[in-house]
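The structure appears below as structure tokens.
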């Protein structure tokens, strides 16, 4: 590499730097300051811009999260409706199957042959029980009458 103080620059960078050194005129025009004059204000603006950028990222994430929550809630409602519909459909299918089975059983069996005989027996037993109940009541009244007479 060549020395930067030499008159022949070896690359474009040193050539540009050497040319600037020779072109600089006496400092009659003041150069603009390299640092900002209002350092506090500049720092505040930089912080505000950073805060705004972070807030925009945060709000984008919050929007994505809330839309995801809304979608999940909607899907839960849809799944709930589907399960409820499936449960009602299954219940109705079972009820229909039971009704059809009951109808088929009644068709194949018909009326039992003993149904009329059992009904007559029930009526006869009911009548006899009523008669026995009346006799017991009469006996108790006779017993109580004799107890009252003997005392």
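In the UniProt record's numbering, the protein residues as written are 1 to 151. Even for Gly, the Cβ is constructed at its ideal location relative to N, Cα and C. No experiment lies behind these values; they were computed from the predicted model shown.
Helix, strand or coil at residue i [DSSP, three-state]
i: residue 41; result: helix
i: residue 63; result: helix
i: residue 34; result: coil
i: residue 85; result: helix
i: residue 50; result: helix
i: residue 72; result: helix
i: residue 96; result: helix
Segment limits, alpha helix (DSSP H) that includes residue i
i: residue 140; result: 115 to 150
Cβ-based neighbour list, residue i, same chain, cut-off 8 Å, excluding 5 preceding and 5 following
i: residue 106; result: none
Same chain, Cβ closer than 7 Å to residue i, neighbours up to 5 away in sequence not counted
i: residue 73; result: none
Contacting residues, own chain, Cβ-Cβ under 6 Å from residue i (five flanking each side not counted)
i: residue 143; result: none
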